[in-house]
Amino acid sequence: MPRYFFNVWDGTSPPDIEGEELADDRAARLEAVRMAGDMLRDEPSKLIQEGGWILEVTDERGACRFALDFRAVEGITLAPVGAESYAVAAGVNLTRSPVGI
Numbered sequence: 001m002p003r004y005f006f007n008v009w010d011g012t013s014p015p016d017i018e019g020e021e022l023a024d025d026r027a028a029r030l031e032a033v034r035m036a037g038d039m040l041r042d043e044p045s046k047l048i049q050e051g052g053w054i055l056e057v058t059d060e061r062g063a064c065r066f067a068l069d070f071r072a073v074e075g076i077t078l079a080p081v082g083a084e085s086y087a088v089a090a091g092v093n094l095t096r097s098p099v100g101i
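See below:
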């Protein structure tokens, strides 16, 4: 099984040098979400007072497989997340035209 490393970039945490063997990227992603949830519950001041943090998941070669970015942002308006928001960001047109036109 591949080994994944869970590095917290917050200015104080050391890199993960042990890692964890998991079945695949999906299992690593689920574990990262669990870890992030634990951190948000146990250390909420890290998000509020320290400007946020990033949980980066790397493989055995050190390549970043994905990252979770946590920041508290004030004074901005965010668009709702959904299929249309993603489509706009990706430049995809979700409207369908009738067949043959």
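Heads up, the sequence shown is in the UniProt record's numbering, so the first residue is 1 and it goes up one at a time. All C-beta atoms, glycine included, are put in the ideal place defined by N, C-alpha and C.
Under a three-way DSSP split, which group does residue i fall into?
i          : result
residue 30 : helix
residue 23 : coil
residue 67 : strand
residue 41 : helix
residue 54 : strand
With 16 other CB atoms within 10 Å as the buried threshold, where does residue i fall?
i          : result
residue 60 : exposed
residue 57 : buried
residue 73 : exposed
residue 55 : buried
residue 12 : exposed
residue 69 : exposed
residue 33 : exposed
residue 8  : buried
What's the C-alpha gap between residue i and residue j?
i          : j          : result
residue 40 : residue 19 : 21 Å
residue 14 : residue 24 : 24 Å
residue 53 : residue 27 : 21 Å
residue 75 : residue 48 : 14 Å
residue 37 : residue 65 : 19 Å
residue 5  : residue 45 : 24 Å
residue 42 : residue 67 : 20 Å
residue 16 : residue 10 : 13 Å
Would you please state the rounded distance, in angstroms, between the beta carbons of residue i and residue j? I believe it to be under 8 Å.
i          : j         : result
residue 30 : residue 2 : Not really, about 14 Å apart at Cβ, beyond 8 Å.
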